[in-house]
């Protein structure tokens, strides 16, 4: 018994040093040297400023400016509205605003829950409104109905930080973005194809369009948010 | 459902089997002390470790002595981890390793977390990026990721030694098995996997959280950390505790379709290899193939059901008017709580893999799975982690079932049951029976306590639905509670994540408090259901070790053919179904059978 106690105490200390310090530090060190971009989160800089990570989804919404000229707040959170000039990410369940990358979370909405249905309906409404030309009162994508909305556009992602949307979701939004930015639809669809990732190893997972990269490419094309 | 989805599933099984077989042979060489290709690298550090630990590796331990070493070592790990997590913000912690200045979580949450990581469960009431310092993740949680995996493996190795033992009472030396597991099995695989993951975008740094100014004028804070190393051993050791709250759904833990596939292989490779290891150790590889066929058939059944159910979509989606079929550019299905890059197939497969094993990592929200899709992880847990199971735990658990199946088969043909030439007697059968039943007992007892008490119901997230009056009496609410204690008892760690044991209004544990009932009950659930079966498995090893071997006769029931596979599947399903079916009906199955919204 005494032998076991002595060995256990020595063992836990030795293994803590080897597995808890040496191992993670070696992995971190090697990664920093060999793959600095990946090890640091695939950061994207624009004019020397950090504008995001390729892997982390963003909320492409602008702060709503209130009557007093300051950004409006509700219950301590910024009030924002989606910017129609940009492709919009998937719904996110994070607190403190969508796509809060300091606190990832699931929605935990159940399959038979009224809450899930209500959240879906709210997202459907917002999606249809955003893709509606307010002056002509017609859909940018002619014939867009509830049944034609791809599920990823209204179901919240797992991490709350999904960097991608489905190609179908992007094709619908392309009509809006092209119209607002006065670009030919074919040009926007071309960019979508460029930023669509194929399946891993050719078969694994699903195709997705990286929203941040796509939006940055649009800005480059039109010299700003257009 | 898509062709690519089915292809992913088929290729996964083929690649897994192709990799697991040689690893199993390698492990057999390692644990019998034969020379392997890594011997020149690790022979010297191995000897040095024995010297530092002051152990004689050649000293054979009987099962009691082996168990004593294992428990004392576990206890030492528990105490050190508790101290580390509770002194997270102490003066001696360098700022660089706690850059956000996070305080320690309260005692009750820490009790749960420590018990969770020691038992290879990795149930997490806390959320990584808002609770833990980098130092806690490294010297605390990562270390137990290794050690708890090691303990699972050595118990399986010891049990196999007992089964094939020809003389005496020895079942190996605990310290030698631990050292060899870490050096020869876990270390090379973990380092390789961590580097591969880091090359694909799993982050590995010690910088503070990033501040981003987005192109639409918002700010975004991005959590960072030394993730890659922990991620690799999290999957390999079937631990499953995420660095971040959303685990393998988080893009920094699982950035691409490729890493998703790779991580799935990491989870199953050792449990699968251990089955081949067993076959090789018994001197008859067909013994291993029979068990492999048994668990693979059950695994595939689970995958098919989960994929079809999730591709179908949920009643809530249909009520909202959504079309959930495949269209051009979208594969449809139930995408609530799933990531675009994994899709339905990649999420369903990952979910089944991490719930048949004791991994419990998730790349999608299990709570948002459809009724039947969610019944699959329930069913996997109800089979007590024998379908591949955790590293080591899977093998020793299914071997107890094999023993039971041989006994039942013996009763059917009216002969004294024999297994690999050894007569099975009352003592072994009793021990195996207890080892099998103790985990379900813990799960059901804790669930009953939790749903019957006010303190237990406080953890349920579905307290208020818009129907108002139904509240916690929905099937979903029952599922949350049941899953919590079932998952912890099976040392799995996945969750219907709405169930909470930690109220954390601000990042960094400011103003946070734990839910003592859920934290403490869950903690004991995990410890009891981990160590009781380990003791029974080691006792079985001890009981079998000294038995004389008699050559098989004409009437001996074979344990390496198709008939036995069918019998074994029957026994596993019978025990699981008889134990859990009433509870499963109340939760996921009722949701799966109705389009009704609650």
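Protein chains in written order, with my numbering: chain A, 1 to 226; chain B, 1 to 598.
Glycine included, every Cβ here is placed at the ideal spot set by N, Cα and C.
Note that the structure is predicted; figures quoted are calculated from it, not measured.
Discussion item. Taking the alpha carbon of residue 95(B) as the reference point, which residue from 117(B), 244(B), 133(B) has its own alpha carbon closest?
Written reply: Across the set 117(B), 244(B), 133(B), the C-alpha of 133(B) shows the shortest separation from the C-alpha of residue 95(B).
Fill in: Beta-carbon neighbours of residue 209(B), restricted to chain A and to distances below 7 angstroms
Under a criterion of Cβ atoms nearer than 7 angstroms, the residues of chain A adjacent to residue 209(B) are, in order, 102.
Practice prompt. To the nearest angstrom, report how far apart residue 607(B) and residue 511(B) are at their CA atoms.
Written response: The question about residue 607(B) has no answer, for chain B in this structure spans 1 to 598.
Worksheet item: Is any beta-carbon of chain B found at less than 7 angstroms from that of residue 60(A)?
Response: Output row for residue 60(A): interface = yes.
Fill in: At least 3 beta-carbon pairs within less than 8 angstroms: the stretch 525-536 of chain B vs the stretch 420-427 of chain B
In short, these stretches do not touch, since the Cβ pair count stays below three.
Worksheet item: Is it buried or exposed for residue 413(B), if we count other Cβ within 10 angstroms and need 16 for buried?
Response: With fewer than 16 Cβ atoms within 10 Å of its Cβ, residue 413(B) is classed as exposed.
Worksheet item: Buried or exposed: residue 468(B), going by 16 or more other Cβ atoms within 10 Å of its Cβ?
Response: Only weak support is given to the placement of residue 468(B): the predicted model assigns it a pLDDT of 48, under 50, and the question is left unresolved by the model.
Discussion item. Please tell me whether residue 109(A) has its Cβ less than 7 angstroms away from any Cβ of chain B.
Written reply: Residue-level contact check: residue 109(A) touches chain B, since one or more beta carbons of chain B fall below 7 angstroms from its beta carbon.
Item to complete: Run through the stretch 147-181 of chain B for me and flag every whole beta strand (DSSP E) of 3 or more residues, listed as ranges in chain order.
Response: The DSSP assignment places no complete run of the beta strand (DSSP E) inside the stretch 147-181 of chain B (cut-off: 3 residues).
Worksheet item: Between which two residues does the beta strand (DSSP E) containing residue 211(B) stretch?
Response: First-last of the beta strand (DSSP E) with residue 211(B): 210-213.
Worksheet item: What's the gap between the Cα of residue 202(A) and the Cα of residue 4(B)?
Response: The alpha-carbon of residue 202(A) is positioned some 9 angstroms away from that of residue 4(B).
Worksheet item: Where does residue 93(B) fall in DSSP's three states?
Response: Under the three-state reduction of DSSP output, residue 93(B) falls in the coil class, being neither helix nor strand.
Practice prompt. Please name the residue in 120(A), 52(A), 149(A), 64(A) whose C-alpha comes closest to that of residue 368(B).
Written response: Per the Cα distances, 120(A).
Item to complete: Could you check the C-alpha separation between residue 137(B) and residue 102(B) for me, to the nearest Å?
Response: So the alpha carbons of these two residues sit roughly 12 angstroms apart.
Worksheet item: Using DSSP with H/G/I as helix, E/B as strand and the rest coil, what is residue 103(A)?
Response: Reduced to three states, the DSSP call for residue 103(A) is coil.
Item to complete: Keeping to the same chain, check which residues put their C-beta closer than 7 angstroms to that of residue 108(B); ignore five residues upstream and five downstream.
Response: Taking residue 108(B) as the centre and dropping the five residues before and after it, the same chain places the C-beta of 514, 516, 519, 520 closer than 7 angstroms to its C-beta, in chain order.
Fill in: Contact list for the stretch 76-90 of chain A against chain B, Cβ threshold 8 angstroms
Cβ proximity to chain B below 8 angstroms picks out 78, 80, 83, 86, 90 from the stretch 76-90 of chain A.
Worksheet entry | Where the alpha helix (DSSP H) through residue 601(B) begins and ends | Since the displayed chain B opens at 1 and closes at 598, residue 601(B) lies outside it and no answer follows.
Worksheet entry | Proximal chain B residues relative to residue 16(A), where beta-carbon distance stays under 8 angstroms | Those are 80, 139, 143, listed as they occur along chain B.
Worksheet item: Which value, in whole angstroms, describes the spacing of the CA atoms of residue 110(B) and residue 85(B)?
Response: Here the alpha carbons of residue 85(B) and residue 110(B) stand approximately 7 angstroms from one another.
Item to complete: Keeping to the same chain, check which residues put their C-beta closer than 8 angstroms to that of residue 466(B); ignore five residues upstream and five downstream.
Response: Because the pLDDT at residue 466(B) is just 44, under 50, the model does not fix this residue reliably, and the point stays unresolved.
Item to complete: Within the same chain, show all residues whose beta-carbon is closer than 7 angstroms to that of residue 98(B), passing over the 5 residues directly before and after it, in chain order.
Response: Here the set comprises 88, 89, 133, 134, 135.
Fill in: Alpha-carbon to alpha-carbon, residue 376(B) and residue 67(A)
Using only the alpha carbons, I get a separation of about 53 angstroms.
Item to complete: Indicate the three-state DSSP secondary structure (helix, strand or coil) for residue 377(B) in the structure shown.
Response: If DSSP states are grouped into helix, strand and coil, residue 377(B) belongs with the helices.
Worksheet item: Does any residue of chain B bring its CB to less than 7 angstroms from the CB of residue 232(A)?
Response: The question about residue 232(A) has no answer, for chain A in this structure spans 1 to 226.
Worksheet item: Quick one: is residue 123(B) near chain A, going by C-beta distance under 7 angstroms?
Response: Chain A contact via Cβ: absent.
Practice prompt. At 8 angstroms on the CB atoms, spell out the chain A contacts of residue 491(B), in chain order.
Written response: What residue 491(B) touches in chain A: nothing, since even the nearest Cβ is about 20 angstroms away.
Discussion item. With H, G and I counted as helix, E and B as strand and the rest as coil, what does DSSP make of residue 108(B)?
Written reply: Looking at residue 108(B) - three-state DSSP - the assignment turns out to be helix.
Worksheet item: What number of angstroms, rounded off, separates the C-alpha of residue 263(B) from the C-alpha of residue 69(A)?
Response: Roughly 50 angstroms between the two C-alpha positions.
Discussion item. For residue 483(B), which residues in the same chain have their Cβ closer than 6 angstroms to its Cβ, ignoring the five residues on either side in sequence?
Written reply: Once the five neighbours on either side are set aside, the close Cβ partners of residue 483(B) are 496.
Worksheet item: Using the rule of at least 16 other Cβ atoms within 10 Å of the residue's Cβ for burial, across every protein chain shown, is residue 464(B) buried or exposed?
Response: At residue 464(B) the pLDDT is 45, less than 50, meaning the model places this residue with poor confidence; the figure from the coordinates comes in the next sentence. The residue in question, residue 464(B), is exposed, as its Cβ has fewer than 16 Cβ neighbours within 10 Å.
Practice prompt. Name, please, each residue of chain B whose Cβ falls closer than 8 angstroms to the Cβ of residue 6(A).
Written response: Within chain B, the residues placing a beta-carbon under 8 angstroms from that of residue 6(A) are 54, ordered along the chain.
Practice prompt. Assess, as a yes-or-no matter, whether the stretch 208-225 of chain A is touched by the stretch 295-302 of chain B under the definition of 3 or more beta carbon pairs within less than 8 angstroms.
Written response: Touching, no.
Practice prompt. Could you tell me whether the Cβ of residue 146(B) comes closer than 7 angstroms to any Cβ of chain A?
Written response: Residue 146(B) counts as touching chain A.
Worksheet item: Are the beta-carbon atoms belonging to residue 178(B) and residue 154(B) less than 7 angstroms from one another?
Response: Pairing residue 178(B) with residue 154(B) gives a Cβ-Cβ distance under 7 angstroms.
Item to complete: Measure how close the beta-carbons of residue 241(B) and residue 382(B) come, nearest whole angstrom, since I'm counting them as under 8 angstroms.
Response: Contact flag wrong, Cβ pair sits at about 22 angstroms.
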